[in-house]
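Chains as they are written, first to last, in the numbering used here: chain A, 1 to 356; chain B, 1001 to 1356.
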């Protein structure tokens, strides 16, 4: 049984007392760091880093050497599962992810294999094991996956989309085919995240980047239903330690009551919803993670601290808050500003945990 | 004083009784229509049509010849004001709008002229007058503008953006410069919309395409504040007829109580919020416009009718609903499906107005 030197991230997700609000940043290992850009220049493309456990570990550790972060997150991509299913993931510069092959028919769905995490996704599990050794219990390691709906958007559209016409057309014209795909993806995500947990991930997060483009009804039917299935299929305790699960639907602020009803431990929220309002709505059912606009990191140190204060104050006294950005840190942010942000969270949050 | 043959759109916006729910579609004059594509091929680029009153009128009328629409909307762009300010609007294929010159400094803002609608934007006013003659009182004509915040995003970023880093950086580092710009834009929009009303627009809508990327606090400070100023500065009655004003913030579903508090007549909502829930929240303060996912128009006729029924039922009995898509109709929709949609609204909505 592992003992963490700093378990404040896990405690906050479980709504247990902490001394200060834990903080990490989505995409904390990434292009805003010169050491990341240097490694990428040598290593080649994004997937070359993801698929090499030593490099993935190195990149995961980079932000932890600079900043007083309360969690590490596996360096990987949300689209590893469809890649392992044989769709051929690649990244075009400035274009985002693309798949060589897409899903268009029921036959395409039937023929999709469910990947064995310790076979086709072995590189991810090896990265988890390598990072855990390297972390040496300093802070917990977060594992993750894309949500079934979000994976399906890329698999059907072939990449990013503005209108999501293809997948929505399938939802309206062949809902049974889409449901078959989503169910297969949910099963794959359950296997994948449970394998990450067995390999050493101490918490997991599901990124539902595109759930927010749906109607409330379609969100429940096509995205939340399958995240709910995953929550219920996950190993929520491993070697005596609880393994918290966080669901994050971008632009999902209107649906947090429904998300909380899945029984997840925490909900990630973006910046379009007020933290205090979100807390009122979910009560003591779940912890909340968020929710500073990443663009605030372009401001000067005083303004960054001010924004941290506003969000801490909006959440208010007591446990259950993991501080984060509402989305990934952008490549044009100065690393010093990320440091100002993280230190501000730790310093200013102590006053909110005096009675935890 | 003009008498409209079909004034159901105006009546619905004013929450007055109607026999059936009126319907129009954002971008109803557009690329999904072969006759529009044919005209564009002859006329040249998008702005060549906008700036020619005869062509703008022809394009405005095209969907009315095909469908039983309850309103016409001026064919124009949301970015005419910054173009008239001298920023040089152009459209690159597949790229969306771009400006040749952008706003970067306080000097840029100070030097921006406020356009005289009957001078620099005369082509818009001429189009309004031409369309009104051509409509001959059949249905009302909607005039429109972009919101100050939305105009400012394009003026500062130079075009569309994923992260809106530049304008947000200005909001955090030089808020007084951004406020000066937004105030100038609000004044320009007031002049522009009042001139459209004087030229014959019988209702106006403000499109706040990008308000939804802000935090709730920043939305109020940078977007809603200036729409509120516009609502209060508009000619709400012209030649004895009320001129309703509709505010539409994409992804603004969480803030509709605040939007209603401006005193606007109606709020446009996208499809990420349930119509019945929205009605409950705004009560009898405003009418609601929306809110079908445009992607439903890819479905078969039965599914389209089913979706119309769900939304009518969600709004429920009584006046105050203008049916619309939650965003513009997309170029890949079959025109027949738009017809199915419009007829379904008229046919199925009668049962909801028996006691109006």
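Glycine is no exception: its CB is placed at the ideal position from the N, C-alpha and C atoms. Just so you know, these numbers come straight off a predicted model, no measurement behind them.
{"Item": "In the structure shown, what three-state DSSP assignment does residue 1309/B receive?", "Value": "helix"}
{"Item": "Ignore the nearest five residues each way along the sequence and tell me which others in residue 1096/B's own chain have a CB closer than 7 Å to its CB.", "Value": "1159 and 1160"}
{"Item": "Classify residue 1282/B as helix, strand or coil using the three-state DSSP reduction.", "Value": "helix"}
{"Item": "Restricting to Cα atoms, I'd like to know which of 1272/B, 1249/B, 1003/B and 1169/B is closest to residue 1292/B.", "Value": "1272/B"}
{"Item": "Short of 7 Å Cβ to Cβ, which residues in the segment 280–296 of chain A face chain B?", "Value": "293, 295 and 296"}
{"Item": "Where does residue 1034/B land, buried or exposed, given buried means 16+ other C-beta within 10 angstroms?", "Value": "exposed"}
{"Item": "Check whether the Cβ of residue 298/A lies closer than 8 Å to any Cβ atom in chain B.", "Value": "yes"}
{"Item": "Within this structure, are the beta carbons of residue 144/A and residue 74/A separated by less than 8 Å?", "Value": "yes"}
{"Item": "Taking residue 1216/B as the reference, which of 222/A, 278/A and 31/A has the closest Cα?", "Value": "278/A"}
{"Item": "Go through the segment 1177–1255 of chain B residue by residue and report every complete run of the beta strand (DSSP E) that reaches 3 residues or more, in order.", "Value": "1203–1208 and 1245–1249"}
{"Item": "According to DSSP, what are the bridge partners of residue 145/A?", "Value": "206/A"}
{"Item": "Measure from the C-beta of residue 1345/B to each C-beta in chain A and report whether the shortest distance is under 8 Å.", "Value": "no"}
{"Item": "Do residue 46/A and residue 338/A have their beta-carbon atoms positioned less than 8 Å apart in this structure?", "Value": "no"}
{"Item": "Any chance you could list the alpha helix (DSSP H) runs of at least 4 consecutive residues sitting entirely within the segment 106–165 of chain A, in chain order?", "Value": "106–111, 122–135 and 148–157"}
{"Item": "What span of residues does the beta strand (DSSP E) with residue 292/A cover, start to end?", "Value": "287–292"}
{"Item": "Check each candidate in 1070/B, 1224/B, 1061/B and 1265/B and name the one with the smallest Cα separation from residue 1368/B.", "Value": "This structure cannot speak to residue 1368/B, because chain B is shown only from 1001 to 1356."}
{"Item": "Where do the N-terminal and C-terminal ends of the alpha helix (DSSP H) with residue 298/A fall, by residue?", "Value": "It is not in any alpha helix (DSSP H) - residue 298/A carries neither H nor E in the DSSP assignment."}
{"Item": "Going by other Cβ atoms of all chains shown within 10 Å of its Cβ, with 16 needed for buried, is residue 1355/B buried or exposed?", "Value": "exposed"}
{"Item": "Note down, in chain order, each residue of its chain lying with its Cβ closer than 6 Å to the Cβ of residue 43/A, except the 5 sequence neighbours on either side.", "Value": "49 and 55"}
{"Item": "Can we say the segment 2–22 of chain A touches the segment 127–146 of chain A, given the rule of at least three CB pairs closer than 8 Å?", "Value": "yes"}
{"Item": "On the CB-based measure, 16 or more other CB atoms within 10 Å of its CB, does residue 38/A come out buried or exposed?", "Value": "exposed"}
{"Item": "I need the DSSP call for residue 1074/B, collapsed to helix, strand or coil.", "Value": "coil"}
{"Item": "What does residue 313/A touch in chain B if you count any residue whose Cβ is under 7 Å from its own?", "Value": "The contacting residues do not exist; residue 313/A stays about 12 Å from chain B at best."}
{"Item": "Per DSSP, what kind of secondary structure is residue 321/A in: helix, strand or coil?", "Value": "strand"}
{"Item": "With distance defined between alpha-carbon atoms, name the residue in 1253/B, 1224/B and 1264/B nearest to residue 1243/B.", "Value": "1264/B"}
{"Item": "Use the C-beta contact count for residue 1201/B: other C-beta atoms within 10 angstroms, 16 or more gives buried, fewer gives exposed.", "Value": "buried"}
{"Item": "Going by C-alpha distance, which of 1299/B, 1259/B, 1101/B and 1303/B is nearest residue 1287/B?", "Value": "1259/B"}
{"Item": "Under 8 Å between C-beta atoms, does residue 70/A make it to chain B?", "Value": "no"}
{"Item": "What does a CB cutoff of less than 8 Å around residue 76/A pick up in its chain, not counting 5 residues either side in sequence?", "Value": "50, 56, 124, 127 and 144"}
{"Item": "Bridge partners of residue 266/A, per DSSP?", "Value": "246/A and 287/A"}
{"Item": "Are the Cβ atoms of residue 1213/B and residue 1230/B separated by less than 8 Å?", "Value": "no"}
{"Item": "What does residue 1273/B reach in chain A if we use C-beta pairs closer than 8 Å?", "Value": "216 and 254"}
{"Item": "Around the C-beta of residue 1300/B, are 16 or more other C-beta atoms found within 10 angstroms, so that it is buried, or is it exposed?", "Value": "exposed"}
{"Item": "Is there a Cβ from chain A that is less than 8 Å from the Cβ of residue 1006/B?", "Value": "no"}
{"Item": "Answer yes or no: does any C-beta atom of chain B fall closer than 8 Å to that of residue 249/A?", "Value": "no"}
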